[in-house]
Amino acid sequence: MTDKTKDGTRSGARERQGRDAFAHRLIRMREQGLKPPVPPHGEEAARMTKEVALDCGWGRLVFAQTFDNPEAMVSALSSEQPDRRDIAVYVRDPHVLLANAPQELFLDPSHTFRLDLSRYRASRKSPKGFFIRRLTSQSDADAINRIYAARQMVPVPPEFFWSKRDARSIIYFVAEDEQTGEILGTVTGVDHMRAFNDPEQGASLWCLAVDPAARHPGIGEALVRRLAEYFTPRRAAFLDLSVLHHNEQAIALYEKLGFQRVSFFSVKRKNPINEGLYTGPETDAAFNPYAAIIVKEARRRGIRVEPVDAEAGYFRLTQGGRTVLCRESLTELTSAVAMSICDDKAMTRRLVSAAGVRVPAQLDGNGSPGEIADFVRRCGRIVVKPARGEQGRGISVGVSDPEDVKAAIEAARTVSETVLLEDYIEGEDLRLVVINYRVVAAAIRRPPSIVGDGERTVRQLIEAQSRRRASATGGESRIPLDAETERTVREAGYGLDDVLPAETEISVRKTANLHTGGTIHDVTDIVDTTLVDAAIAAARAIDIPVTGIDLMVKSPSLPDYAFIEANERPGLANHEPQPTAERFIDLLFPLSMPAAARQTFQKEREGHKEREGGN
């Protein structure tokens, strides 16, 4: 976290407070007849396990206080395994350690915070809508990795979690939704006394992560508190953690819980995972997440990036003699014709229908009142949407009342003069990302919902959920308080200013677009081949190399579907950890692919041509 005063007054005050708190804790422990923690020396140091590098799955914690010299620590860090992140912690003299391997190591730009457990006080409030428990199953391990991936953290082999479920030095807690059983967050604790006979009787917190799509507030705080309350009766003196200096939201939470900054440092090895921490600030800070994910992958491959209009997502990529102008995932490779087809939803529907893709019944919104009434009568419920537009603007879903239909048509006309009426297909909204006519990611998009607490109004709950969605998506996702939201809430039996009863959940939008508060859930591994084939057929009918195909499905693992629309500029960042940016750069610059991957792709392409009869 950046200090608010240039002279470092705030930072110095925190350190003095930390030292004072530690001194007071020693006095209280002596008064209680407890042995105070002291720095290791003499016999204590001899009993402490030497040269400890604790495997945590994502990498090792190299405890600096267990090493006698920097050369041994450099040797330990040099044995880091591929795709892992080792961390040397409690380094008192980082300048000495770095001097021994300046090309290999770097000083981690993180602060160390400490919670004095003798002063910790439990909260009087209990979590609402979820509970905290220990890891108990293989599915818990899979869920933790899902959350790690969503938060761009290093994954852990699931069997590692399971093998450590009864370990004495490492403890895993998860937050579970009371109604759905879904894992919403996780935290890891390390018992230093069990790990290396720590004479200071310490413990540490690692890998606090909350699912970006979680709707319950306070999950992170509850996980931290549970870990503190786990270590307190085990005679741990303190709970430490490391947090990146600019993570102001996390630092605010820790300071609220009583953590204070202390003067310890961490050192890491220069590797691809840590690259962003030691290469300095990037010039693409102004890019939105959809452009930034592509720019990052391009730079990783040595492709030159030239910002054209970072705020609008425009940039130019150059490698060798090839240059491609992009606006996020829209490039020169997408023709003006393909783009105009995607922009005209009626035209898109006609083309994909001719290619054998199933589409819902449709009517031009300019039809006569009698035609519209007859269409609604046949369908039961309909979707009203502008023929041109994006990001869910002007769309009304599931309307049937004549007055609601009329209002929905007027709302859609504010976005496009041409309005379409479609049969409302019950099911889930599935987005398939197709790049170079291959499906590289699939995700269910769910409309935003809120859960009542018996105290706040529907409006207040929506505003709070909207803030959480904006925070989780870099400002890309917010729930608008408009006529569509009000109508959806009214259908659920409430008004915006009604207090929603505790534990009552209602949807507040019918559309699942990310920009209007929807959440995204990866289903790439279970999507049915019929849906994959339909998405590819639609992309080929439009003749578009990069697209997001939207289908309504009963389940992503079943073949039933109806085509909704095609998007010429899909948000690739929405589908992490699937390799959307990698496949996008593969398309633009195939020579930047590793040779083995290039050969595999070429074989697949030749096989496809043979199946298609050589066309």
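Following my numbering, the numbering of the sequence shown begins with -3 at its first residue and continues without gaps. Ideal Cβ placement from N, Cα and C applies to all residues, glycine included. Bear in mind the structure is a predicted one, so any value in this text is a computation, not a measurement.
{"Item": "Same chain only: Cβ atoms within 6 Å of ALA438, ignoring 5 sequence neighbours per side", "Value": "LEU428, VAL519, THR520 and VAL523"}
{"Item": "Alpha helix (DSSP H) segments (min. 4 residues) lying fully within the region 296 to 370", "Value": "332 to 339 and 341 to 350"}
{"Item": "Residue-chain proximity (TRP54, chain C), Cβ-Cβ < 8 Å", "Value": "You won't find chain C in this structure, because it holds only one protein chain."}
{"Item": "Test item: CB-CB of ALA534 and ALA508 under 8 Å", "Value": "no"}
{"Item": "Alpha-carbon to alpha-carbon, HIS188 and ARG309", "Value": "It should be pointed out that residue 309 corresponds to Gly in this sequence rather than to Arg. C-alpha separation (whole angstroms): 47 Å."}
{"Item": "Cβ-heavy atom distance, SER553 to the ligand NAD, below 7 Å", "Value": "Although the ligand NAD was asked about, the structure shown includes no ligands whatsoever."}
{"Item": "Which listed residue (ASP79, THR176 and SER553) has its alpha carbon closest to that of MET149", "Value": "ASP79"}
{"Item": "Coil, strand or helix - TYR116 by DSSP", "Value": "coil"}
{"Item": "Cα-Cα separation between ASN284 and ARG81, rounded to whole angstroms", "Value": "27 Å"}
{"Item": "Whole-Å CB distance - LEU568 paired with ILE290, under 8 Å assumed", "Value": "7 Å"}
{"Item": "Rounded straight-line distance, which links the Cα of VAL170 to that of GLY144", "Value": "Looking at the sequence provided, one finds Tyr at residue 144 rather than Gly. One C-alpha to the other measures close to 12 Å."}
{"Item": "Exposure label - PHE227; buried when at least 16 CB within 10 Å", "Value": "buried"}
{"Item": "For ARG297 and MET589, the rounded distance between their alpha carbons", "Value": "8 Å"}
{"Item": "Same chain, Cβ closer than 7 Å to PRO105, neighbours up to 5 away in sequence not counted", "Value": "LEU240, HIS241 and LEU273"}
{"Item": "ASN563 - containing beta strand (DSSP E), residue span", "Value": "557 to 563"}
{"Item": "Coil, strand or helix - TYR433 by DSSP", "Value": "coil"}
{"Item": "Segment limits, beta strand (DSSP E) that includes ALA218", "Value": "Note, ALA218: premise wrong, no beta strand (DSSP E); alpha helix (DSSP H) at 215 to 227."}
{"Item": "Distance, ARG115 Cα to TYR420 Cα", "Value": "58 Å"}
{"Item": "VAL258: first and last residue of the uninterrupted beta strand (DSSP E) it sits in", "Value": "256 to 258"}
{"Item": "Alpha carbon of CYS322 to alpha carbon of LEU313, nearest angstrom", "Value": "8 Å"}
{"Item": "Burial state of GLN245 (16 or more Cβ within 10 Å)", "Value": "exposed"}
{"Item": "ILE446 to THR453 span [Cα, whole Å]", "Value": "11 Å"}
{"Item": "Option in ARG43, VAL435, ASP449 and GLU424 with minimal Cα separation from THR515", "Value": "GLU424"}
{"Item": "Range covered by the alpha helix (DSSP H) that runs through GLY489", "Value": "Taken as a continuous stretch (DSSP letters only), GLY489 belongs to no alpha helix (DSSP H), as it is neither H nor E."}
{"Item": "C-alpha gap between GLY363 and ALA404, whole angstroms", "Value": "14 Å"}
{"Item": "Local Cβ density within 10 Å of ALA84, reported as buried at 16 or more and exposed below that", "Value": "buried"}
{"Item": "Distance between beta carbons of PRO154 and GLN175, contact taken as under 8 Å", "Value": "Contact flag wrong, Cβ pair sits at about 25 Å."}
{"Item": "Closest residue to PHE126 among LEU93, LEU201 and ALA210 (Cα-Cα distance)", "Value": "ALA210"}
{"Item": "ALA612 vs ALA232 beta-carbon contact at 8 Å", "Value": "One cannot answer for residue 612 here, as it falls past the ends of the chain, which runs -3 to 611."}
{"Item": "Nearest-angstrom Cα separation, counted from TYR490 out to ARG455", "Value": "11 Å"}
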